[in-house]
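*Asks:* Going by full-length UniProt numbering, the sequence shown opens with residue 1, and the numbers climb by one from there.
Think of the CB as a built atom: it goes at the ideal place given N, C-alpha and C, for glycine as much as any other residue.
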Amino acid sequence: MTTPAPETTVISEQPSDDVAPQAVEISEEVFNGPITLETVYVKWDVDNGRDRPVNVPMSTGTPLDGSPKIQGIEIKAGQNVRLNAWADTWANGNPSLGVDGPTNGKIKVDPKRRLGFYIVDPR
1 MTTPAPETTV
11 ISEQPSDDVA
21 PQAVEISEEV
31 FNGPITLETV
41 YVKWDVDNGR
51 DRPVNVPMST
61 GTPLDGSPKI
71 QGIEIKAGQN
81 VRLNAWADTW
91 ANGNPSLGVD
101 GPTNGKIKVD
111 PKRRLGFYIV
121 DPR
């Protein structure tokens, strides 16, 4: 009696077109460097924590790890954008924060608030 060979699963090394681009944490040097028309950098000023500069994909919902309490935000972009953020870990109801960018420096968030999800769109 022979045993059938187990099924083989082939995993493609190529990225799928169905996978949305993700925000990538960047260094302060990259954040403060030159930008292109497609660039969208967001720096989150976290209360009692370190700043979080990220390269953000346009029009893609992005979770904020740990739902930090935000006290300021800076947006560098090569075009006019609108950042909307929610306290939940998804876009649920009205945003609890909306900021137009580029901001030309840090914008204070008052009152400080916990955020869990955001989207940056062209405006």
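Which residues does DSSP pair with G72 in a beta bridge?
*Replies:* Counting from one through the sequence shown, the residue named residue 72 turns up at place 72. Answer is D45, K108, bridged to G72.
*Asks:* Is the segment 24 to 32 touching the segment 87 to 94, taking contact as three or more C-beta pairs under 8 Å?
*Replies:* Counting Cβ pairs under 8 Å, fewer than three are found: no touch.
*Asks:* According to the Cβ coordinates, are D45 and I75 closer than 8 Å?
*Replies:* Walking along the sequence shown from the start, residue 45 turns up at place 45. Walking along the sequence shown from the start, residue 75 turns up at place 75. No, they are not a contact pair.
*Asks:* DSSP three-state label for E28, please.
*Replies:* As a working mapping, residue 28 is identified with position 28 in the sequence shown. Here E28 sits in helix by DSSP.
*Asks:* Helix, strand or coil for D100, going by three-state DSSP, please let me know.
*Replies:* Reading the sequence shown from its first residue, position 100 is the one you call residue 100. Note: D100 maps to strand in three-state DSSP.
*Asks:* Identify every residue that forms a DSSP beta bridge with V54.
*Replies:* The sequence position of residue 54 within the sequence shown is 54, counting from 1. BP columns for V54 point to E25, V42.
*Asks:* P21 to G49, Cα distance in whole Å?
*Replies:* If you number the sequence shown from 1, residue 21 lands on position 21. If you number the sequence shown from 1, residue 49 lands on position 49. For P21 and G49, the distance between alpha carbons rounds to 26 Å.
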